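Novice: Structure in structure tokens, see below.
Protein chains: 2
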Amino acid sequence: MLAASASLLNIDVVILDVGDHTPAKQIVSSPPHLGHIDGSFADPEKIKELAAKVDVLTVEIEHVDVSVLDEIAESSKIAVHPSPATIRTIQDKLAQKDHLSEYNLPVTDYMRVESTPESIQNAAAQLGLPLMLKSRTLAYDGRGNYVLTDLGEAEEAIAALGGRPLYAERLVRLAKEIAVMVVRTSSGEIRAYPAVETVHKDNICHIVFAPLRHSNPAVATRARTLAEDTAKTFAGAGVFGVEMFLLEDGSQKSHLQVCSANTDISDTLLLNEIAPRPHNSGHYTIEACYTSQYDNHLRAILGLPLGSTELKVQSAAMLNLLGYSNSMEEITRVARAAIEVPGASVHLYGKRECRKGRKMGHVTLVGDSDDAVRASLRQLLQALPDATLESLDKYAPLLPPAGIGRPSSQPLIGIIMGSDSDLPVMIAAARVLDSFRVPYELTIVSAHRTPTRMTEYAHSAASRGLRVIIAGAGGAAHLPGMVAAMTPLPVIGVPVKGSSLDGVDSLHSIVQMPRGIPVATVAINNSTNAALLAVRILSASVTSLLDAMDLFMKKQEQEVYAKVSRLERVGWENYGKS
Amino acid sequence: MLAASASLLNIDVVILDVGDHTPAKQIVSSPPHLGHIDGSFADPEKIKELAAKVDVLTVEIEHVDVSVLDEIAESSKIAVHPSPATIRTIQDKLAQKDHLSEYNLPVTDYMRVESTPESIQNAAAQLGLPLMLKSRTLAYDGRGNYVLTDLGEAEEAIAALGGRPLYAERLVRLAKEIAVMVVRTSSGEIRAYPAVETVHKDNICHIVFAPLRHSNPAVATRARTLAEDTAKTFAGAGVFGVEMFLLEDGSQKSHLQVCSANTDISDTLLLNEIAPRPHNSGHYTIEACYTSQYDNHLRAILGLPLGSTELKVQSAAMLNLLGYSNSMEEITRVARAAIEVPGASVHLYGKRECRKGRKMGHVTLVGDSDDAVRASLRQLLQALPDATLESLDKYAPLLPPAGIGRPSSQPLIGIIMGSDSDLPVMIAAARVLDSFRVPYELTIVSAHRTPTRMTEYAHSAASRGLRVIIAGAGGAAHLPGMVAAMTPLPVIGVPVKGSSLDGVDSLHSIVQMPRGIPVATVAINNSTNAALLAVRILSASVTSLLDAMDLFMKKQEQEVYAKVSRLERVGWENYGKS
């Protein structure tokens, strides 16, 4: 994928890899005076042969011979990225943890252990059981991890980890796994991509969702900052994949924390691992961002200006295609199914042989809402040879059928009301959204009786992915205005008619907002119009809704024409009699 | 670019072209048992050699030897796309016109002419002067066109067109040139991409804008339908580039036509030329659409299901990079400048030599608004060796400075008001939009005094690219509601306080809309809130505005805190005295 980016800039590329038809060599031919190299990235002579042909050398795997890279960087004018020192630190996971700790970056508690039961016992005493034992080197995709639940397994663990040097980590309870791609130039300019959620299966990246959705809007911002701070501590240019843990403490936060405007105090992030190269969790950037991780890696190592790391679509997901067995045909079948999935881009890597667990390709899904992307993901997951209903419902649940009144898991619109007595008025809004197939949630939030809940709802709305809030309230009707004061989203207010004052009280409470905080007010009790307005608002980002609204208006017009005809046909004396 | 699409699906590709390092051969290496072919697409033996290696054969240039394609299609099981018959028809522009006329598709008046002054004289008598003379074959990028203004030039024209067979066309007055890419499968499934505006310079495609913006919403729809109808008449699978003329009559339409809901009767579209292959006017699809023209061409010729042809971004433009001289360095310099342009993707074609007018690459720009894309285009055009202030102002005018009160050429928000007496109230909205750097237009539209203008404004708003309308009105205040009744866009109503009834008349007129047509109503005279609401609405599609609104709200909060401090410091007796 890096080679494909290079060819778009007329940049000559020489690849070192075993064989003449490896994936990268298929993608880009090298000019005759250069030519690709057949050899291993572990072979110092081959690395030198490569270096002799290039101006800039970059490495896409950490398990490389670093001393020869050092030698090349020191003895020639060739730029080597990432810097050999960075690769050396990252190769050894314990050195990596030490490095991060030195810079006061948050990591799980960890310690060096020797390959003896006594040393492991000592670690368990300090870090608790179950204990995460990890091989320091040559470990990736979960290989080299062992979760020790009982001290009696110590010998077994040492054997399972191949007798390589080890270290131990405190096992933490995860709410989510998060990843952020970061690109840095030699001069230290740094840009982070959006935070994404990664879902692992058997310790291998299975699905990525971009952007991260979380009820605490500070989490995504903090994840990006943490990733940037991390990349700053490593020398050399290029992209870095920064994997993190979001701890479960967010779910245990107190009501006091929830209603504080500064929600930064909960939802702890810890660094897990750093990859000093383009990373699986950044594949989505090819279709979903203004500049892909490969384009930006190339720019960084060539000393060119960096491109925007922002999303150009509303929502994206990435599914890895790993070999399910030795059958290439299985992969082809999944790819064949994938091209029928809305918003899917299939990337097969040109590997001629399939093995169980081998990365054969990936599929990126993009769309104008999380909901659309999840629907596509469901279709894609169904095509996998190992599809189960459970995995479908976990990662891509079905939308509830219209009219059932169960909320969507990826709502774009939140319908809230001050009291269950408003439900008869507000239900019309839900019906309209059902008819436009717009995903929404519907609940009760009272400004006066549940102010904490209201604050939490308003603060979390945008970061959960909502784009519009419809709020109905009667009487003093503070809900729409107070919610609008605590979210940057558009809020539509529905004045609900109470037992006195004919709804004028609610109308004036909702519409007469002070300068600075707008509420889009509709007619008294007219939640139908609130939902139609929400659909019109969404059409700015979901352009198909413009056509749908056009159609709705034409249909409405025709209904009146039908009444005109009927009036003409039956005469006004008889109209309405039969 | 087609080869790049193929490699993503692990599809082996064999290229026939002269030389070993042509652009396509650089992008994809062929497996050893196949291998690319060094030869000309005009050489029947080489075409047969190619056919012997493949299952599906596709052609990316019309000027190929069709008889050998016929032979291959008839004597083997190899699928040839586009069908040789289609290529034959399209190769001869007169045959192409005859074909289109036969199917009752709209073309300019044309006729066959012989290469004699008499025949040309006869054509001029029928089609008028100036007369467009065209070579029937081997003409592209404007080569083979001659505009005859005086009959005395006939001999000169014949010589200039190389003595090749000719035909003549009536010269039409163009409002715009439009192109639509269409993809069709062998079974006849057809999907059109969005209509785009193409800008030609010296008869070569210079810039493409996607999607087409036009005050008549029917034009884009009709262009897509016309392109589909055209593609249906040609045999074979693949993508077709359909180029059209939009005639100037749109500017001459009468007021009656303007206020008719059916605006289809004006704005004539005529077919210009068909390309039976991926086309320059479709390059933008690589970054801007869910499925690129190359992905879909590949799917079509392989009998795979087609992908969505819809845009996945809000706005895009494409600039061709043509050789300015023999200097490769000039192209490299433009490409170097282009990678600094927001939303730009650079595509250099790997050609090792540059010639004046040679297609060396292209740059695609994408963004979340036409305005953002034009700003990027301006930056890009400035980097061209032949940049002139005139060309910049023509294709990518500067945004007017804030506060000047001149409208943007690519507004996202329309501010309208019933009377100039509303301006003092409504100007606050413009100031807010200036501060958020949101492009808008501001004008007077009276529901009661200019109902035709109001109808035209409402009908054209969405197809001109507006996403929100802010309408201010006083008294009976019909403007917001009537505009909302004729556009699918969200309309924000600002009740303007009149001399009696304290603005309650306007408020109730605006907010108490019937079920079916919503108006987002804000407080009386509060156009500040209308603009802030418009910004919140836009944030659904321009996500950076979410952060901007967050910041605005924090600043607003801090202003109140500053007052709290001041009140504490000076005491309430002295507050407001100094």
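Each protein sequence line maps, in turn, to chains R and G. Residue numbers for the first sequence follow full-length UniProt numbering, beginning at 1 and rising by one. Residue numbers for the second sequence follow full-length UniProt numbering, beginning at 1 and rising by one. For every residue, glycine included, the Cβ atom is placed at its ideal position computed from N, Cα and C. Predicted, not measured: the structure shown is a model, and the values here were computed from it.
Have a look at the DSSP bridge pairing and note the partners of K93 (chain G).
Specialist: By 1-based counting over the second sequence, the position of residue 93 (chain G) is 93. Residue pairing from DSSP leaves K93 (chain G) without any beta-bridge partner.
Novice: Determine, for D202 (chain G), whether the minimum Cβ-Cβ distance to residues of chain R falls below 8 Å.
Specialist: Residue 202 (chain G) sits at position 202 when you count from the first residue of the second sequence. It does not: the Cβ of D202 (chain G) has no partner Cβ on chain R nearer than 8 Å.
Novice: Taking all protein chains shown into account, decide if W572 (chain R) is buried (16 or more other Cβ within 10 angstroms of its Cβ) or exposed.
Specialist: Taking the first sequence and counting its residues from 1, one reaches residue 572 (chain R) at position 572. W572 (chain R) comes out exposed.
Novice: Is it buried or exposed, S315 (chain R), if we count other Cβ atoms within 10 angstroms and call 16 or more buried?
Specialist: Stepping through the first sequence from its first residue, residue 315 (chain R) is reached at position 315. It is buried - the Cβ of S315 (chain R) has at least 16 other Cβ atoms within 10 Å.
Novice: When we look at the beta-carbon of Q34 (chain R) and count the other beta-carbons within 10 Å, is it buried (16 or more) or exposed?
Specialist: Working through the first sequence from its first residue, we reach residue 34 (chain R) at position 34. This sequence places Leu at residue 34 (chain R); Gln is not what is there. The residue is exposed, with fewer than 16 neighbouring Cβ atoms inside 10 Å.
Novice: Suppose you measure from the CA of K394 (chain R) to the CA of G236 (chain G); what does that come to, to the nearest Å?
Specialist: Sequence index remark: in the first sequence, residue 394 (chain R) carries index 394 (1-based). Sequence index remark: in the second sequence, residue 236 (chain G) carries index 236 (1-based). Approximately 44 Å between the Cα atoms of the pair.
Novice: Quick check on the DSSP output: the alpha helix (DSSP H) that includes I178 (chain G) runs from which residue to which?
Specialist: Translated into positions along the second sequence, residue 178 (chain G) becomes position 178. It is not in any alpha helix (DSSP H) - I178 (chain G) instead sits in the beta strand (DSSP E) that spans 174 to 184.
Novice: Taking C-alpha atoms, which residue in G:N203, G:Y193, G:Y110 lies nearest to L212 (chain G)?
Specialist: As a first step, residue 212 (chain G) is located in the second sequence; it is residue number 212 there, counting from the start. Checking every option, the nearest Cα to that of L212 (chain G) belongs to G:Y193.
Novice: Using a Cβ-Cβ distance cut-off of 8 Å, determine whether A6 (chain G) contacts chain R.
Specialist: Position 6 of the second sequence holds residue 6 (chain G). For A6 (chain G), the answer is no, since every Cβ of chain R falls outside 8 Å of its Cβ.
Novice: Step through the CB atoms of chain G and report whether any lies within less than 8 Å of the CB of E340 (chain R).
Specialist: Translated into positions along the first sequence, residue 340 (chain R) becomes position 340. With 8 Å as the cut-off, E340 (chain R) counts as an interface residue toward chain G.
Novice: In chain order, what are the residue ranges of uninterrupted beta strand (DSSP E) at least 3 long that sit wholly in the region 342 to 406 of chain G?
Specialist: Runs of the beta strand (DSSP E) inside the region 342 to 406 of chain G: 344 to 348, 359 to 367.
Novice: Return the chain-ordered list of same chain residues with a C-beta closer than 8 Å to the C-beta of V28 (chain G), the five sequence neighbours on each side being excluded.
Specialist: As a working mapping, residue 28 (chain G) is identified with position 28 in the second sequence. Closer than 8 Å at the Cβ level, and outside the excluded window around V28 (chain G), lie A3, A4, A6, S7, V13, I15.
Novice: What does DSSP give as the partner residue(s) for H508 (chain G) in the beta ladder?
Specialist: Numbered from 1 along the second sequence, position 508 holds the residue referred to as residue 508 (chain G). Beta-bridge pairing links H508 (chain G) to no other residue.
Novice: Is the region 440 to 453 of chain G close to the region 512 to 526 of chain G, with three or more CB pairs under 8 Å?
Specialist: no
Novice: Could you tell me which of G:D370, G:T89, G:F41 sits nearest to S463 (chain G), measuring between CA atoms?
Specialist: The residue given as residue 463 (chain G) occupies position 463 in the second sequence. Of the listed residues, the one whose Cα sits closest to S463 (chain G) is G:D370.
Novice: Might you give, ordered along the chain, the residues of its own chain that have their beta carbon closer than 6 Å to the beta carbon of A79 (chain R), omitting 5 neighbours on each side?
Specialist: Here residue 79 (chain R) refers to the residue found at position 79 when the first sequence is read from its first residue. Cβ neighbours of A79 (chain R) within its own chain (closer than 6 Å, five residues either side excluded): V56.
Novice: Tell me which residue opens and which closes the alpha helix (DSSP H) that I415 (chain G) is part of.
Specialist: On the second sequence, position 415 is the one that residue 415 (chain G) refers to. Taken as a continuous stretch (DSSP letters only), I415 (chain G) belongs to no alpha helix (DSSP H), being part of the beta strand (DSSP E) at 413 to 417.
Novice: Counting only C-beta atoms, is P518 (chain G) closer than 8 Å to chain R at any point?
Specialist: The residue given as residue 518 (chain G) occupies position 518 in the second sequence. Interface with chain R (8 Å Cβ-Cβ cutoff): P518 (chain G) is included.
Novice: First and last residue of the beta strand (DSSP E) that includes T198 (chain R)?
Specialist: The residue you call residue 198 (chain R) lines up with position 198 of the first sequence. Its beta strand (DSSP E) spans residues 196 to 201.
Novice: With DSSP as the reference, identify every bridge partner of M132 (chain G), one or two as the case may be.
Specialist: The residue labelled residue 132 (chain G) in the question sits at position 132 within the second sequence. M132 (chain G) pairs with G:V147, G:E169.
Novice: Taking Cβ positions only, does M553 (chain G) come closer than 8 Å to chain R?
Specialist: On the second sequence, position 553 is the one that residue 553 (chain G) refers to. Chain R, which has a Cβ nearer than 8 Å to the Cβ of M553 (chain G), makes this yes.
Novice: At what residues does the beta strand (DSSP E) containing A317 (chain R) begin and finish?
Specialist: For the purposes of this step, residue 317 (chain R) is identified with residue 317 of the first sequence, where counting begins at 1. Looking at the DSSP string, the run of the beta strand (DSSP E) that includes A317 (chain R) is 315 to 322.
Novice: Any contact of the region 36 to 51 of chain R with the region 359 to 379 of chain G, i.e. 3+ C-beta pairs under 8 Å?
Specialist: By the Cβ criterion, the region 36 to 51 of chain R is not in contact with the region 359 to 379 of chain G, since fewer than three pairs of Cβ atoms, one from each stretch, lie closer than 8 Å.
Novice: Mind checking the region 17 to 49 of chain R against chain G and listing, in chain order, the residues whose C-beta falls within less than 8 Å of any C-beta there?
Specialist: D20, H21, K25, Q26, I27, V28, S29, P31, P32
Novice: For a quick check, are the C-beta atoms of L319 (chain R) and M360 (chain R) less than 8 Å apart?
Specialist: The residue you call residue 319 (chain R) lines up with position 319 of the first sequence. The residue you call residue 360 (chain R) lines up with position 360 of the first sequence. The Cβ atoms of L319 (chain R) and M360 (chain R) do not sit closer than 8 Å to each other.
Novice: DSSP state of H255 (chain G), grouped into three classes?
Specialist: By 1-based counting over the second sequence, the position of residue 255 (chain G) is 255. Confidence at H255 (chain G) is low in this model, with a pLDDT of 36, below 50, so the placement of that residue should be treated as unreliable; the coordinate-derived value is given next. When secondary structure is reduced to three states using DSSP, H255 (chain G) falls in the helix class.
Novice: Mind checking whether P439 (chain G) and Q410 (chain G) have CB atoms under 8 Å apart?
Specialist: As a position in the second sequence, residue 439 (chain G) is number 439, starting the count at 1. As a position in the second sequence, residue 410 (chain G) is number 410, starting the count at 1. Closer than 8 Å, so yes.
Novice: Can you tell me which residues form a DSSP beta bridge with F245 (chain G)?
Specialist: Within the second sequence, numbered from 1, the residue matching residue 245 (chain G) stands at position 245. In DSSP, F245 (chain G) forms a bridge with G:E177, G:L270.
Novice: Return the first residue and the last residue of the alpha helix (DSSP H) that Y457 (chain R) is part of.
Specialist: Your numbering for residue 457 (chain R) matches position 457 in the first sequence. Per DSSP, Y457 (chain R) is one residue of the alpha helix (DSSP H) stretching across 451 to 464.
Novice: How about I413 (chain G) and A534 (chain G): are their beta carbons less than 8 Å apart?
Specialist: As a first step, residue 413 (chain G) must be located in the second sequence, where it is residue number 413. As a first step, residue 534 (chain G) must be located in the second sequence, where it is residue number 534. Yes, the Cβ-Cβ distance between I413 (chain G) and A534 (chain G) is below 8 Å.
Novice: Going by Cα to Cα distance, which pick from G:S500, G:K201, G:A531, G:S506 is closest to Y491 (chain G)?
Specialist: Taking the first residue of the second sequence as position 1, residue 491 (chain G) is located at position 491. Looking at the sequence provided, one finds Val at residue 491 (chain G) rather than Tyr. Ranking G:S500, G:K201, G:A531, G:S506 by Cα distance to V491 (chain G) puts G:A531 first.
Novice: Sort out for me which residues DSSP pairs T58 (chain G) with in a bridge.
Specialist: Translated into positions along the second sequence, residue 58 (chain G) becomes position 58. Per DSSP, G:H81.
Novice: Quick check on this structure: which residue in R:L247, R:V219, R:E177 has the alpha carbon closest to the alpha carbon of G241 (chain R)?
Specialist: Your numbering for residue 241 (chain R) matches position 241 in the first sequence. Of the listed residues, the one whose Cα sits closest to G241 (chain R) is R:E177.
Novice: What does D550 (chain R) touch in chain G if you count any residue whose Cβ is under 7 Å from its own?
Specialist: Start at 1 with the first residue of the first sequence, and residue 550 (chain R) comes out as number 550. Per Cβ cutoff of 7 Å: P488.
Novice: Please list the partners that K312 (chain G) has in chain R, where partner means a Cβ-to-Cβ separation under 7 Å.
Specialist: Along the second sequence, read from residue 1 onward, the residue named residue 312 (chain G) stands at position 312. Simply V313, V366.
Novice: Name the chain G residues that come within less than 8 Å of P305 (chain R), Cβ to Cβ?
Specialist: Position 305 of the first sequence, counted from the first residue, corresponds to residue 305 (chain R). In chain order: I339, E340.
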